[in-house]
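Chain order of the listed sequences is A and B.
Each residue of the first sequence is one higher than the one before, counting from 1 in the numbering used here.
Each residue of the second sequence is one higher than the one before, counting from 426 in the numbering used here.
Protein chains: 2
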Amino acid sequence: MTTEEQKRNVLYAQSGGVTAVINASACGVIETARKHKETFGRIFAGENGILGVLDERLIDTSFESADAIASLRHTPGGAFGSCRFKMGSPKQKPALYQRLLEVFKAHNIGYFFYNGGGDSQDTTNQLAKYCEQNNFPLTSIGIPKTIDNDLPITDSCPGFGSVAKYVATSVMEASLDVASMAKTSTKVFILEVMGRHAGWIAASGALAARKPGDPPHIILFPERPFLKSEFTKKVKECVNLYGFCSIVVSEGIRNADGNFVSEQGIKDAFGHAQLGGVAPNIANIIRSELGFKYHWAVADYLQRSARHIASKTDVEHAYEVGAAAVSYAKTGKNAIMPIIIRTQDNPYKWAIGETPLNKVANIEKTLPPNFISKDGFGVTEECMQYLRPLIGGEDYPPYVDGVPNYVSLKKQFEPRKLTDDFAIE
Amino acid sequence: MTTEEQKRNVLYAQSGGVTAVINASACGVIETARKHKETFGRIFAGENGILGVLDERLIDTSFESADAIASLRHTPGGAFGSCRFKMGSPKQKPALYQRLLEVFKAHNIGYFFYNGGGDSQDTTNQLAKYCEQNNFPLTSIGIPKTIDNDLPITDSCPGFGSVAKYVATSVMEASLDVASMAKTSTKVFILEVMGRHAGWIAASGALAARKPGDPPHIILFPERPFLKSEFTKKVKECVNLYGFCSIVVSEGIRNADGNFVSEQGIKDAFGHAQLGGVAPNIANIIRSELGFKYHWAVADYLQRSARHIASKTDVEHAYEVGAAAVSYAKTGKNAIMPIIIRTQDNPYKWAIGETPLNKVANIEKTLPPNFISKDGFGVTEECMQYLRPLIGGEDYPPYVDGVPNYVSLKKQFEPRKLTDDFAIE
Numbered sequence: 001m002t003t004e005e006q007k008r009n010v011l012y013a014q015s016g017g018v019t020a021v022i023n024a025s026a027c028g029v030i031e032t033a034r035k036h037k038e039t040f041g042r043i044f045a046g047e048n049g050i051l052g053v054l055d056e057r058l059i060d061t062s063f064e065s066a067d068a069i070a071s072l073r074h075t076p077g078g079a080f081g082s083c084r085f086k087m088g089s090p091k092q093k094p095a096l097y098q099r100l101l102e103v104f105k106a107h108n109i110g111y112f113f114y115n116g117g118g119d120s121q122d123t124t125n126q127l128a129k130y131c132e133q134n135n136f137p138l139t140s141i142g143i144p145k146t147i148d149n150d151l152p153i154t155d156s157c158p159g160f161g162s163v164a165k166y167v168a169t170s171v172m173e174a175s176l177d178v179a180s181m182a183k184t185s186t187k188v189f190i191l192e193v194m195g196r197h198a199g200w201i202a203a204s205g206a207l208a209a210r211k212p213g214d215p216p217h218i219i220l221f222p223e224r225p226f227l228k229s230e231f232t233k234k235v236k237e238c239v240n241l242y243g244f245c246s247i248v249v250s251e252g253i254r255n256a257d258g259n260f261v262s263e264q265g266i267k268d269a270f271g272h273a274q275l276g277g278v279a280p281n282i283a284n285i286i287r288s289e290l291g292f293k294y295h296w297a298v299a300d301y302l303q304r305s306a307r308h309i310a311s312k313t314d315v316e317h318a319y320e321v322g323a324a325a326v327s328y329a330k331t332g333k334n335a336i337m338p339i340i341i342r343t344q345d346n347p348y349k350w351a352i353g354e355t356p357l358n359k360v361a362n363i364e365k366t367l368p369p370n371f372i373s374k375d376g377f378g379v380t381e382e383c384m385q386y387l388r389p390l391i392g393g394e395d396y397p398p399y400v401d402g403v404p405n406y407v408s409l410k411k412q413f414e415p416r417k418l419t420d421d422f423a424i425e
Numbered sequence: 426m427t428t429e430e431q432k433r434n435v436l437y438a439q440s441g442g443v444t445a446v447i448n449a450s451a452c453g454v455i456e457t458a459r460k461h462k463e464t465f466g467r468i469f470a471g472e473n474g475i476l477g478v479l480d481e482r483l484i485d486t487s488f489e490s491a492d493a494i495a496s497l498r499h500t501p502g503g504a505f506g507s508c509r510f511k512m513g514s515p516k517q518k519p520a521l522y523q524r525l526l527e528v529f530k531a532h533n534i535g536y537f538f539y540n541g542g543g544d545s546q547d548t549t550n551q552l553a554k555y556c557e558q559n560n561f562p563l564t565s566i567g568i569p570k571t572i573d574n575d576l577p578i579t580d581s582c583p584g585f586g587s588v589a590k591y592v593a594t595s596v597m598e599a600s601l602d603v604a605s606m607a608k609t610s611t612k613v614f615i616l617e618v619m620g621r622h623a624g625w626i627a628a629s630g631a632l633a634a635r636k637p638g639d640p641p642h643i644i645l646f647p648e649r650p651f652l653k654s655e656f657t658k659k660v661k662e663c664v665n666l667y668g669f670c671s672i673v674v675s676e677g678i679r680n681a682d683g684n685f686v687s688e689q690g691i692k693d694a695f696g697h698a699q700l701g702g703v704a705p706n707i708a709n710i711i712r713s714e715l716g717f718k719y720h721w722a723v724a725d726y727l728q729r730s731a732r733h734i735a736s737k738t739d740v741e742h743a744y745e746v747g748a749a750a751v752s753y754a755k756t757g758k759n760a761i762m763p764i765i766i767r768t769q770d771n772p773y774k775w776a777i778g779e780t781p782l783n784k785v786a787n788i789e790k791t792l793p794p795n796f797i798s799k800d801g802f803g804v805t806e807e808c809m810q811y812l813r814p815l816i817g818g819e820d821y822p823p824y825v826d827g828v829p830n831y832v833s834l835k836k837q838f839e840p841r842k843l844t845d846d847f848a849i850e
């Protein structure tokens, strides 16, 4: 038995763009840590991710009831706040890592769980090494999260399955609408989806189709250059064949010269271009080259926050990687990330495994070539087999007065222990 | 008892923009007519609405199984096809009405059910008068449908409640996302919704709020001129107060000079401007005037086809107005439209009533002034009380392989009986 003084505290933080299920991972972390009071001390969460840690804004989760924590499982967004903030390496930003160490020491943090994508897993890894070098015993574990599904090693990323289900369902529904109107009205429908460099989300639109010829008729991937003449030829063919053409386009498609088809010219903290608005550009091409009546939609945040149509499989993945992170920490593992292992395709079976963080940090997994159809406008059966299980099952939130009953946390802050303020440059 | 020869046939047609629940009305019509074989003969549906009637493209619904018809209740879009086509009056377009009469005579149509908005109810009414004048005994009954909720007399319009539920849920979800990211990323989120002249859909975003200060913080209505300086002042206030600002904007907002804030310059068959893209315009104002990081979404067809998150109340309304139309026809009523009557607010109770078609044709019901808050950027409690019951209850479709199991009909055509083709000018 560990005595009360020896027990070290837990710190959980969310990072990067939030998802419909990142809070399910938080739920998995907190519920599991609460079950093991013999190992884990108090459970803190950083306000707005790592920024709240640097700023010593630690939320004391003990003020949150068991019900509230359970409700995180069905609440989208980042309940503790997230941030886009590039930590870099200890060599690049020594002051940041030194500050983290001070905060960890001040609050007796023994376990750090960082819930994010590739950039964040790099930070989790750097932090593990930094603490080891500084003789501070920290267990630093990453928890995968990204709607982009672009982390390596893990079969899929929590957050993706729910976006995929939203996109597949939306494409199916909007296409039924267009099909009914095409005789006299809209002939081309364009849905813009997220996915900066990887076409996983765009590909998931294909799950709307049950048989050949079903919409979506065209998918535009960031992995393929956008060639206007081939595209307009294909649109024309579809309108002739099916009476209408339903298109899914990734925000990240580029022309053959490498420029984004839509580029707003704004960059985020990671230096990534902030995209949005490729759909109206595609619509303009349809209008000027083909003259068809069109409509376009940009799903934007709606797709990644749509907890109301989350994939049950995705919610379970998200919860279990959170729970597993804590279990691994309990057994003394460090600098690892729980991963999802597919053990069987149909019926889908999966298990939780682990990977060293240095294998996932800053590596981006794009669509493999054999997942994209020969003409570049669709997916292969192999891709469908991979994607299908990830959107499996429904997991509806409770509703009150016709809208989902999402939880708001109390967010009680732990008193600060460091006397100096920390200015984040 | 009516003998087989005396029994006259039914013709149902869908008109205008389709909705998540227009097929529930079709289901109500067909299931009810099938139950009364003593009165109703065969049940036809026009392919692509009135166009299929003019073109003698009549779908024989007897080929559709009871299961398929029941599945219409949970299938969005227009299962028989719809159209945007202005019939005008018999005086303006005598050839069209003459042709309808010929088709009705050829196929022994005794009952015409026209499922649409204000324009279509005008047609239903004109047709009733025309047939009476031409001594053709037709029962012509309108069935209300419009996401815009802009029909008079009826308390609400089938189609609207489901869009309202989609918009309220989407605003709630996307706002949770933005709230978690606002510290370092997006501070302003803009959701563009439909509603050309009436702000009902935009207003429904307000249902996302549970308490004062909850998003959406700003709603822009077509009933109010868009005043840039007042708007940007309000956005700034919200970002200061809440850390972010969530905005719902109707596609139909206009500047003080009466011009649409976004106008693509395309008009549909009714002469209505085809809108879309006001969100990026608002985003540009945010960028240039305030410099906040923003994101925007355009829900477009996704909102009106989102059967996966339909309002149970709306589905019931849609079914019952369809069923009532047939019941009214059975009792000999003509040139009427079933309406929804609210008998109690909380708990919500409702009944079906009727109105003469001439009272609803071509009248547009916009938001009453007492439903919009004093500053013009929100709704009043009266408006919330009106809206809330309309999104009440969930009515999920069945799922297969992670996507909704929507029905596709066989659409077997009745052989044509008229020898001449009809060219629609």
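For every residue, glycine included, the Cβ atom is placed at its ideal position computed from N, Cα and C.
Cα-Cα separation, residue i to residue j
| i | j | result |
| --- | --- | --- |
| Val-400/A | Ser-25/A | 24 Å |
| Pro-397/A | Gly-88/A | 37 Å |
| Gln-837/B | Asp-485/B | 6 Å |
| Glu-598/B | Ser-671/B | 11 Å |
| Ser-600/B | Val-723/B | 15 Å |
| Lys-417/A | Ile-615/B | 40 Å |
| Leu-207/A | Lys-554/B | 48 Å |
| Arg-254/A | Leu-220/A | 10 Å |
| Lys-659/B | Leu-302/A | 24 Å |
| Ala-743/B | Ala-704/B | 31 Å |
| Trp-625/B | Leu-290/A | 34 Å |
One or two residues paired with residue i in a DSSP bridge
| i | result |
| --- | --- |
| Arg-342/A | Trp-350/A |
| Thr-780/B | Met-762/B |
| Arg-416/A | For Arg-416/A, which the question treats as bridged, DSSP gives no partner whatsoever. |
| His-295/A | Phe-189/A |
| Gln-439/B | Asn-540/B |
| Phe-651/B | Asn-680/B |
| Cys-670/B | Val-613/B |
| Val-825/B | Val-828/B |
Any C-beta of chain A under 8 Å from that of residue i
| i | result |
| --- | --- |
| Ala-491/B | no |
| Asn-706/B | no |
| Val-828/B | yes |
| Asp-820/B | no |
| Phe-510/B | yes |
| Pro-501/B | yes |
| Val-740/B | no |
| Ile-816/B | yes |
| Asn-540/B | no |
| Ser-595/B | yes |
Beta-carbon separation (whole angstroms), residue i vs residue j, contact threshold 8 Å
| i | j | result |
| --- | --- | --- |
| Leu-396/B | Cys-452/B | Residue numbering for chain B in the displayed model covers 426 to 850; residue 396/B lies beyond these limits and cannot be assessed. |
| Leu-11/A | Val-53/A | 7 Å |
| Gly-393/A | Ser-288/A | Their Cβ separation, rounded to whole angstroms, is 43 Å, which puts Gly-393/A and Ser-288/A out of contact at 8 Å. |
| Ala-623/B | Leu-815/B | Not a contact, Cβ separation roughly 14 Å. |
Interface flag, residue i vs chain B, CB-CB below 8 Å
| i | result |
| --- | --- |
| Lys-427/A | Outside the displayed span of chain A (1 to 425) sits residue 427/A, for which this structure offers no information. |
| Asn-135/A | no |
| Thr-154/A | no |
| Leu-290/A | no |
| Gly-41/A | no |
| Asn-346/A | no |
| Ala-26/A | no |
| Arg-388/A | yes |
| Ala-208/A | yes |
Worksheet item: Just by C-beta distance, which residues in the region 598-630 of chain B are closer than 7 Å to chain A?
Response: Glu-598, Ala-599, Leu-601, Asp-602, Val-603, Ala-604, Ser-605, Met-606, Lys-608, Thr-609, Ser-610, Phe-614
Discussion item. Any C-beta of chain A within less than 7 Å: which residues of the region 719-733 of chain B qualify?
Written reply: His-720, Trp-721, Ala-722, Val-723, Ala-724, Asp-725, Tyr-726, Leu-727, Arg-729, Ser-730, Ala-731, Arg-732, His-733
Discussion item. Output needed in chain order: residues of the region 775-796 of chain B with a Cβ under 7 Å from some Cβ in chain A.
Written reply: Here the close residues number zero.
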